[in-house]
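Asker: Protein chains in written order, with this note's numbering: chain A, 19 to 178; chain B, 289 to 426. Dumping the structure here so I can ask a few things about it.
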Amino acid sequence: MTVKTDPHNIQEDPMTSASQHAQPSQTGEQTQGLRLRQVAQALDAAVLTGEDHLDIVVQSACCSDLMSDVLAFVHEKAIVLTGLANAHVIRTAEMLDLKCIVFVRGKRPPQDVIDLARELGVVLMSVNKTMFVSAGLLYQAGLRGSPMKWASREGTGQAQ
Amino acid sequence: MIHSVYPIAQAGYDSAGQASADIKRQLKQLGVDSKIIRRVAVACYEAEMNLIIHSLGGAMELSIEDGWITLQIHDKGPGIPDVELAKKEGFSTAGEDARSLGFGAGMGLPNMMRNTDDFLIASQVGVGTLMIMKFKLV
């Protein structure tokens with residue numbers, strides 16, 4: 019459509035051109051979301067369950083070991099980074115329709131918790147890094163924090 | 289009209305969340321708006337955890353009628369000595385067992401109040417606590 023004047027593009031061959039055409043569809047999503055596959059790559063995480071759902075796009079992340087805070091603040095398309103590895107984390111995800119939980123500090127929940135997540139379609143990952151470092155890597159990869167407002171009031175006009 | 293009763297046992301940590309999950313499923317099957325379901329689910333799960341952590345046992349009752357979803361939660365005690373204090377963010381009397389499971393942040397009642405269209409709590413020490421949470425179905 020437009021003539022490229024960037025000198026770097028002058029010697030562009032058809033292959034490069036084709037690969038560059040592919041880029042807008044990847045980055046063209048207006049938000050800075052990440053596919054869960056990219057989340058796993060950025061963290062070098064082990065996927066404990068939900069390999070089939072790694073193309074889901076998430077927009078933001080939240081770090082907490084307090085499930086009440088997660089219930090209060092988290093948006094739907096968010097992932098939760100937590101050091102808490104029990105069934106309450108999965109139930110919290112279920113209540114909020116969250117698609118992915120990342121267990122930090124090398125934690126792995128017991129098998130019955132993994133089974134529950136599989137049943138509910140929640141992706142679980144485990145990463146051998148601290149919460150701080152994990153959050154930093156995801157921030158670097160393009161994820162941002164859940165806005166500090168009452169997420170559950172979003173769209174109802176009463177957010178505070 | 290729909291009316292379901294879910295008994296909740298004191299310290300029933302193993303089955304925690306099952307009643308709320310079932311209520312959420314029911315609302316989904318009825319085709320309730322997902323934003324409303326989310327608010328009900330959060331308030332309901334907090335209430336269920338409160339019953340498990342603090343009460344001597346109780347029940348949650350779901351009813352849907354005349355454009356409203358109503359959750360009535362009642363227990364057999366021990367009752368809340370200062371309800372206004374319990375409503376404050378950050379105030380918690382949860383014990384170590386609840387905290388180790390990720391609860392006891394003092395966000396339970398505030399979370400419930402913020403997600404409901406109509407919220408009522410009454411409590412008497414030695415008798416029990418009654419909460420009524422209403423959500424408009426529009």
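From the three backbone atoms N, C-alpha and C, an ideal C-beta is built for every residue, glycine too. Since the structure is predicted, the reported quantities are computational estimates derived from the model, not experimental observations.
1. Could you pull the start and end residues of the alpha helix (DSSP H) that Ile-74 (chain A) belongs to?
2. DSSP state of Ser-292 (chain B), grouped into three classes?
3. Taking 6 Å as the limit between beta carbons, can you name the residues of its chain near Asp-73 (chain A), skipping five residues before and five after?
4. What is the DSSP secondary structure of Lys-147 (chain A), reduced to helix, strand or coil?
5. Return the CA-CA distance between Met-348 (chain B) and Ala-58 (chain A), expressed in angstroms with no decimal places.
6. Output the boundary residues of the alpha helix (DSSP H) element that contains Lys-312 (chain B).
7. Note down, in chain order, all residues in the stretch 307-326 of chain B with a beta-carbon under 8 Å from any beta-carbon belonging to chain A.
8. Tell me, please, which residues DSSP counts as bridged to Cys-81 (chain A).
9. Would you identify the three-state DSSP class for Phe-91 (chain A), choosing helix, strand or coil?
10. Classify Thr-381 (chain B) as helix, strand or coil using the three-state DSSP reduction.
11. At a CB distance below 9 Å, what residues from the stretch 105-118 of chain A approach chain B? Give them in sequence order.
12. Counting along the chain, where does the alpha helix (DSSP H) carrying Leu-397 (chain B) start and finish?
13. Ends of the alpha helix (DSSP H) at Lys-323 (chain B)?
14. Can you confirm whether the stretch 324-332 of chain B touches the stretch 371-384 of chain B when touching is taken to mean that 3 or more C-beta pairs between the two stretches lie within less than 8 Å?
15. Taking C-alpha atoms, which residue in B:Ser-388, B:Ser-411, B:Ile-420 lies nearest to Asn-403 (chain B)?
16. Look up Ala-159 (chain A) in the DSSP assignment and say whether it is helix, strand or coil.
17. Whose C-alpha, out of B:Phe-407, B:Ala-304, B:Gly-319, B:His-342, is nearest the C-alpha of Ile-368 (chain B)?
18. So if I threshold CB-CB distances at 8 Å, which residues from the stretch 116-147 of chain A count as touching chain D?
19. With a threshold of 16 other CB atoms inside 10 Å of the CB of Gly-319 (chain B), please say whether the residue is buried or exposed.
20. Return no unless some Cβ of chain B is closer than 8 Å to the Cβ of Ala-90 (chain A).
21. Within the continuous alpha helix (DSSP H) that includes Asp-363 (chain B), where are the two ends?
22. In chain order, what residues of the same chain have a beta carbon less than 7 Å from the beta carbon of His-71 (chain A), not counting five sequence neighbours either side?
23. Quick one: is Gly-355 (chain B) buried, meaning 16 or more other Cβ sit within 10 Å of its Cβ, or exposed?
24. If you drop the 5 nearest sequence neighbours on each side, which residues of the same chain put their C-beta closer than 6 Å to that of Met-85 (chain A)?
Answerer: In terms of the structure at hand:
1. Here Ile-74 (chain A) belongs to no alpha helix (DSSP H), and DSSP marks it neither H nor E.
2. strand
3. Arg-53
4. coil
5. 39 Å
6. 306-317
7. Ser-308, Ala-309, Lys-312, Ser-322, Lys-323, Arg-326
8. A:Leu-99
9. helix
10. coil
11. Ala-105, His-106, Val-107, Ile-108, Arg-109, Thr-110, Glu-112, Met-113, Leu-114, Asp-115
12. 396-403
13. 322-342
14. no
15. B:Ile-420
16. helix
17. B:His-342
18. As a matter of chain content, chain D is missing from the structure shown, whose protein chains are A and B.
19. exposed
20. yes
21. Not the alpha helix (DSSP H): Asp-363 (chain B) falls in the beta strand (DSSP E), residues 356-363.
22. Leu-54, Lys-117, Gly-139, Val-141
23. exposed
24. His-106, Thr-110
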